[in-house]
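A.B. asks:
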């Protein structure tokens with residue numbers, strides 16, 4: 039692939055000045071149009087060491103309005119970042135609609151430099167490539183423009199540049215032993231990069247190889263290419279028909295009598311049984327919490343369920359004996375202004391727990407396939423795609439070592455009515471019940487169908503759904519705690535054996 | 039101070055249950071009222087090791103709605119945090135209006151644990167206390183409620199708790215050598231804490247000592263105390279008269295013929311002089327940029343000036359040869375929704391540069407004493423207080439080693455008109471000029487008076503204002519670059535000598 043590239047390409051000063059002049063103006067204009075159209079863009083700079091990534095990024099941003107972009111330099115992951123799944127630091131940096139994020143090195147570090155350095159095991163490579171591909175596909179599906187540039191220079195050119203940097207005492211510190219190693223073993227490093235380029239060159243996020251021997255040639259090519267992609271994105275957006283959001287009621291037959299209809303809601307515990315058991319489980323959980331901290335196991339617990347299904351009470355019993363430094367409850371309301379202009383998974387990525395910490399989500403990313411589906415807040419294509427996206431996100435967390443469990447707190451319609459009325463009569467709980475709750479209740483059947491489909495499509499071995507029989511609060515709370523305790527117990531034991 | 043505290047206080051189970059029941063309900067209610075009233079709260083937990091901070095925080099948050107608070111555990115600063123002024127990691131965590139931030143250890147670490155451990159020099163203590171006091175004063179003036187709790191146990195009690203933790207193999211790792219050292223030298227550590235309590239016990243942010251031997255007693259006291267402070271804050275807010283924002287035109291005589299009237303706007307450079315000089319300065323700056331990176335010097339450059347005064351052009355020449363990994367341009371527009379519900383300095387604190395990096399601000403925190411003052415976006419008390427607040431912020435940055443320079447790009451009224459008209463006639467620049475620019479122009483005299491006052495009140499040795507004669511763009515750009523180059527040159531030399 040790369041050996042076919044002509045690295046001798048040059049551009050004379052006059053042509054360069056003319057091209058840059060034209061393209062700068064064009065870029066400035068297009069950047070404003072992208073902002074108006076609300077199209078987000080990510081531009082990735084990868085390539086050989088000393089190929090001039092810094093210089094090229096700087097020339098590109100000179101043409102743009104600094105109110106619209108950010109540059110992220112991605113060296114080795116920091117302590118904080120190492121404690122999270124590897125895509126975390128990139129997901130959290132995905133730009134809002136209408137904004138541009140420029141990455142100096144990116145999520146490709148793992149499958150290039152870190153692979154060369156042996157920091158990632160060969161057996162983990164397929165997974166890493168898979169994660170990268172689904173990351174880019176998900177963003178593209180969400181409307182992101184992804185521009186990937188690979189700056190290429192020859193072994194000799196690189197050697198010359200390293201030497202020049204080393205010759206001056208002010209810049210010699212910039213050339214590291216690792217740089218030299220990649221130059222000495224240029225062939226092997228090139229092979230790794232070629233494989234990366236081939237495996238991740240997709241239709242929607244293609245790689246562009248930039249011949250970077252001549253900086254002016256490279257700059258002109260990059261600017262023209264970026265402007266072309268901006269223009270294409272604007273054209274595509276203008277041509278796309280607005281999604282018709284008709285909200286046909288959810289009533290797919292095969293999911294009408296699904297998992298939920300088989301749940302045995304008569305299960306109960308007496309107060310005495312409850313007290314004894316909850317006390318034992320809380321003590322055990324307190325101990326396990328300290329064990330998972332010691333073993334650096336991240337834990338993700340998602341809570342969904344009917345309104346008044348008992349999520350809050352269950353979460354309270356779960357956390358009441360835990361050290362607050364090691365857990366966080368993330369409540370999920372309607373997205374705020376900032377969240378609305380990001381990918382729908384972005385706000386959840388922001389709250390992915392550190393290794394050794396527990397993240398409890400009170401309502402979750404499953405809103406996409408429930409309320410957003412039923413209320414028509416997203417298109418049919420959006421929520422249908424979401425099952426896979428969610429499975430991929432949870433798989434990524436699980437691959438990073440996380441225990442992932444999702445609870446559906448299930449009650450029947452009569453029990454809900456009873457609880458709603460009780461809340462209305464209790465001044466301390468009155469605020470918990472709104473007109474919206476009553477309105478949602480009218481859509482019970484639609485929700486039931488959607489939940490049945492969700493449970494089937496997103497219950498996986500690495501992130502199972504646990505349906506909790508919730509008519510008896512005592513029973514429900516004990517089941518939640520026991521499920522968590524058992525899962526942590528098992529994981530801690532497994533870690534101990536390694 | 040502390041020896042007068044009776045550490046034998048206890049509470050029996052029944053009283054505890056009753057108090058907690060009442061206070062929990064009260065807290066839940068008050069939290070919702072605080073949210074409605076838009077009052078932000080910070081609760082600080084400090085005190086002796088093993089005094090039960092974690093347990094107490096957990097009991098407190100069980101009574102609150104997780105949608106309204108966050109808990110921050112503050113151990114040693116991370117790599118990222120160490121590269122910034124020490125208050126950065128707390129400023130960025132100050133809660134939005136109506137929200138609560140709970141700190142498990144806080145900005146007091148520096149003057150307690152780190153002082154005991156010798157990580158901070160005694161000669162830097164007065165500065166550290168000063169920074170803490172102004173941090174809290176500024177937040178209080180901005181409407182923040184600050185609740186500070188000191189959990190106190192005796193040397194014997196602490197020893198007993200450490201031993202108990204050590205006795206179990208699951209918890210023994212929690213007790214460190216440092217913990218034991220602070221127990222062995224309890225007297226010395228206590229003295230340090232007493233000094234801290236005395237120096238930072240202010241009327242608006244007082245310390246409450248919590249006798250923490252008995253956990254139930256402590257929990258009941260904390261909850262009651264927090265609820266009382268919430269209630270007092272609500273009462274105070276209800277009683278405060280809304281600021282009358284009359285916008286009397288700015289025309290303080292003593293600032294009418296100030297600094298700006300003496301600026302010599304006839305200074306010019308020819309195109310040839312400009313080209314030669316700018317080229318030399320850019321090369322020099324490129325070199326210095328790499329030196330400040332090596333020496334870990336942070337640089338803060340603020341740009342203010344008349345509309346069309348040439349800020350954008352000057353910033354472009356300043357950055358065009360720099361490595362984008364080492365600088366960032368932060369444009370300042372009207373605050374967005376998130377910024378509006380924080381202290382006005384919060385968004386600038388978020389962009390404080392890392393050591394070794396340059397942060398350029400295109401418009402700055404000085405908006406408070408210019409546009410906000412003139413348009414009545416803040417009260418008279420607010421902008422009058424701002425001079426000190428800004429000086430304190432810049433002093434904090436300078437104390438952390440930053441080079442801080444502010445530029446005022448000055449042109450006269452005729453030159454502005456000429457540039458406005460030129461922009462209107464140029465399709466590529468038309469978007470830069472809006473009706474608001476013309477409206478601001480009508481207030482030229484008010485702005486001039488405000489700027490004169492600002493220049494006098496906030497030009498300091500550690501963060502000087504540089505007025506740039508801007509009628510000739512060539513002259514202005516060279517002056518900006520030369521000022522930056524000279525300042526960095528001097529600082530790099532000074533660092534080299536150490």
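Protein chains in written order, with our numbering: chain A, 39 to 536; chain B, 39 to 536. The beta-carbon is built from N, C-alpha and C at its ideal position, and this holds for glycine as well. All values derive from a computational prediction rather than experimental measurement.
#1: Which chain B residues are close to residue 238(A), counting only those with a beta carbon under 9 angstroms from its beta carbon?
#2: At a Cβ cut of 7 angstroms, what residues of the segment 137-169 of chain A count as close to chain B, listed as they run along the chain?
#3: Using alpha carbons as the reference points, say which of 325(A), 534(A), 409(A) and 83(A) lies closest to residue 208(B).
#4: Cα separation between residue 262(B) and residue 393(A)?
#5: Taking any Cβ of chain B, which residues in the segment 459-487 of chain A have a Cβ under 7 angstroms from it, in chain order?
#6: Name the chain A residues that come within less than 7 angstroms of residue 99(B), Cβ to Cβ?
#7: At what residue ranges does the segment 74-120 of chain B contain a whole run of the beta strand (DSSP E), taking only runs of 3 or more?
#8: Please confirm whether residue 390(B) has its beta-carbon closer than 8 angstroms to some beta-carbon of chain A.
#9: For the segment 195-208 of chain A, list every residue whose C-beta sits within 7 angstroms of some C-beta in chain B, in sequence order.
#10: Hey, would you say residue 200(B) sits closer than 8 angstroms to residue 217(B), going by beta carbons?
#11: Are there three or more Cβ pairs, one per stretch, closer than 8 angstroms when the segment 145-158 of chain B is compared with the segment 229-239 of chain B?
#12: Return the residue from the list 323(B), 288(B), 353(B) and 250(B) that minimises the CA-CA distance to residue 43(B).
#13: Is it the case that the segment 54-74 of chain A contacts the segment 103-111 of chain A, given that we only count it when at least three CB pairs across the two stretches are under 8 angstroms?
#14: Would you call the segment 267-276 of chain B in contact with the segment 411-427 of chain B, where contact means no fewer than 3 C-beta pairs closer than 8 angstroms?
#15: Residues in its own chain within less than 8 angstroms of residue 412(A) by CB, not counting five upstream and five downstream?
#16: Residue 125(A) by DSSP, collapsed to three states: which one?
#17: Kindly indicate which three-state DSSP category residue 397(A) falls into: helix, strand or coil?
#18: Please state the DSSP three-state secondary structure of residue 448(B).
#19: Going by other Cβ atoms of all chains shown within 10 Å of its Cβ, with 16 needed for buried, is residue 432(A) buried or exposed?
#20: Flag residue 325(A) as yes if its beta-carbon sits less than 8 angstroms from any beta-carbon of chain B, otherwise no.
#21: Between residue 77(B) and residue 181(B), how many whole angstroms is the CB-CB distance? I'm expecting something under 8 angstroms.
#22: Given this structure, state the Cα-to-Cα distance separating residue 332(A) from residue 319(B), to the nearest angstrom.
#23: Are the segment 388-404 of chain B and the segment 362-375 of chain B in contact at 8 angstroms, needing three or more beta carbon pairs?
#24: Can you tell me the Cα-Cα spacing of residue 404(A) and residue 443(A), whole angstroms?
#25: Kindly indicate which three-state DSSP category residue 188(B) falls into: helix, strand or coil?
#26: Using a 10 Å radius around the Cβ and a threshold of 16 neighbouring Cβ atoms, would you call residue 336(B) buried or exposed?
#27: Taking 8 angstroms as the cut-off, does the segment 348-362 of chain B touch the segment 500-517 of chain B (at least 3 CB pairs, one atom from each stretch)?
#28: Give the straight-line distance between the Cα atoms of residue 187(B) and residue 82(B), rounded to the nearest whole angstrom.
#29: At 8 angstroms on the CB atoms, spell out the chain B contacts of residue 372(A), in chain order.
#30: Just verifying my parser: in three-state terms, what is the DSSP assignment at residue 141(B)?
#31: Going by beta-carbon coordinates alone, are residue 390(B) and residue 153(B) separated by less than 8 angstroms?
#32: Name, in chain order, the residues that DSSP records as bridge partners for residue 369(B).
#33: Taking Cβ to Cβ, would you say residue 129(B) is nearer than 8 angstroms to residue 387(B)?
#34: So who's on the other strand from residue 46(B), going by DSSP bridges?
#35: According to DSSP, is residue 415(B) helix, strand or coil?
#36: Measure the CB-CB distance between residue 49(A) and residue 258(A) and report whether it falls below 8 angstroms.
C.D. replies: In brief:
#1: The residue labelled residue 238(A) in the question sits at position 200 within the first chain. Here the premise fails: no neighbours, minimum Cβ distance about 23 angstroms.
#2: 142
#3: Walking along the second chain from the start, residue 208(B) turns up at place 170. Nearest option by C-alpha distance: 325(A).
#4: Translated into the one-based positions of the second chain, residue 262(B) becomes position 224. Translated into the one-based positions of the first chain, residue 393(A) becomes position 355. So the two alpha carbons sit approximately 35 angstroms from each other.
#5: 466 and 469
#6: Numbered from its first residue, the second chain carries residue 99(B) at position 61. Chain A residues near residue 99(B): 362.
#7: 79-85 and 107-111
#8: Taking the first residue of the second chain as position 1, residue 390(B) is located at position 352. It does not: the Cβ of residue 390(B) has no partner Cβ on chain A nearer than 8 angstroms.
#9: 208
#10: Taking the second chain and counting its residues from 1, the one referred to as residue 200(B) is at position 162. Taking the second chain and counting its residues from 1, the one referred to as residue 217(B) is at position 179. A contact, by the Cβ cut-off of 8 angstroms.
#11: yes
#12: Position 5 of the second chain, counted from the first residue, corresponds to residue 43(B). Of the candidates 323(B), 288(B), 353(B) and 250(B), 250(B) places its Cα closest to the Cα of residue 43(B).
#13: A contact between stretches requires three or more CB pairs, one per stretch, nearer than 8 angstroms, and the segment 103-111 of chain A meets this requirement with the segment 54-74 of chain A.
#14: no
#15: Start at 1 with the first residue of the first chain, and residue 412(A) comes out as number 374. Excluding residues within five positions, the ones whose Cβ falls inside 8 angstroms are 285, 288, 481, 484, 485 and 488.
#16: Looking up residue 125(A) in the first chain gives position 87. Note: residue 125(A) maps to coil in three-state DSSP.
#17: Sequence index remark: in the first chain, residue 397(A) carries index 359 (1-based). Three-state result, residue 397(A): strand.
#18: Here residue 448(B) is taken as the residue at index 410 of the second chain, counted from 1. Three-state DSSP puts residue 448(B) in a strand.
#19: Numbered from 1 along the first chain, position 394 holds the residue referred to as residue 432(A). With 16 or more other Cβ atoms within 10 Å, it is buried.
#20: Residue numbering aside, residue 325(A) sits at position 287 when the first chain is read from its first letter. So yes, residue 325(A) belongs to the interface.
#21: On the second chain, residue 77(B) is found 39 positions in, with the first residue counted as 1. On the second chain, residue 181(B) is found 143 positions in, with the first residue counted as 1. Residue 77(B) to residue 181(B), Cβ: 7 angstroms. Contact.
#22: In the first chain, the residue the question calls residue 332(A) occupies position 294. In the second chain, the residue the question calls residue 319(B) occupies position 281. If I take the Cα positions, the gap works out to 53 angstroms.
#23: yes
#24: As a first step, residue 404(A) is located in the first chain; it is residue number 366 there, counting from the start. As a first step, residue 443(A) is located in the first chain; it is residue number 405 there, counting from the start. Approximately 13 angstroms between the Cα atoms of the pair.
#25: Numbered from its first residue, the second chain carries residue 188(B) at position 150. The answer is strand: DSSP assigns residue 188(B) an E or B state.
#26: Taking the second chain and counting its residues from 1, one reaches residue 336(B) at position 298. Of the residues assessed, residue 336(B) falls on the buried side of the cut-off, its CB having 16 or more other CB atoms within 10 angstroms.
#27: yes
#28: Here residue 187(B) refers to the residue found at position 149 of the second chain. Here residue 82(B) refers to the residue found at position 44 of the second chain. In this model, residue 187(B) and residue 82(B) are separated by some 6 angstroms (Cα to Cα).
#29: In the first chain, counting from the first residue as 1, residue 372(A) sits at position 334. By Cβ distance, chain B contributes nothing, its closest Cβ being about 12 angstroms from residue 372(A), past 8 angstroms.
#30: Within the second chain, the letter at position 103 stands for residue 141(B). Secondary structure at residue 141(B): strand, using DSSP grouped into helix, strand and coil.
#31: What you label residue 390(B) is simply residue 352 of the second chain in a count that begins at 1. What you label residue 153(B) is simply residue 115 of the second chain in a count that begins at 1. No, Cβ-Cβ distance for residue 390(B) and residue 153(B) is not below 8 angstroms.
#32: For this step, residue 369(B) is matched to residue 331 along the second chain. 400(B).
#33: Your numbering for residue 129(B) matches position 91 in the second chain. Your numbering for residue 387(B) matches position 349 in the second chain. Yes, Cβ-Cβ distance for residue 129(B) and residue 387(B) is below 8 angstroms.
#34: Against the second chain, residue 46(B) aligns to sequence position 8. Answer is none; residue 46(B) lacks a bridge partner.
#35: Taking the first residue of the second chain as 1, we reach residue 415(B) at position 377. Coil at residue 415(B), not helix or strand.
#36: Stepping through the first chain from its first residue, residue 49(A) is reached at position 11. Stepping through the first chain from its first residue, residue 258(A) is reached at position 220. It is a contact, given that the beta carbons lie within the stated cut-off.
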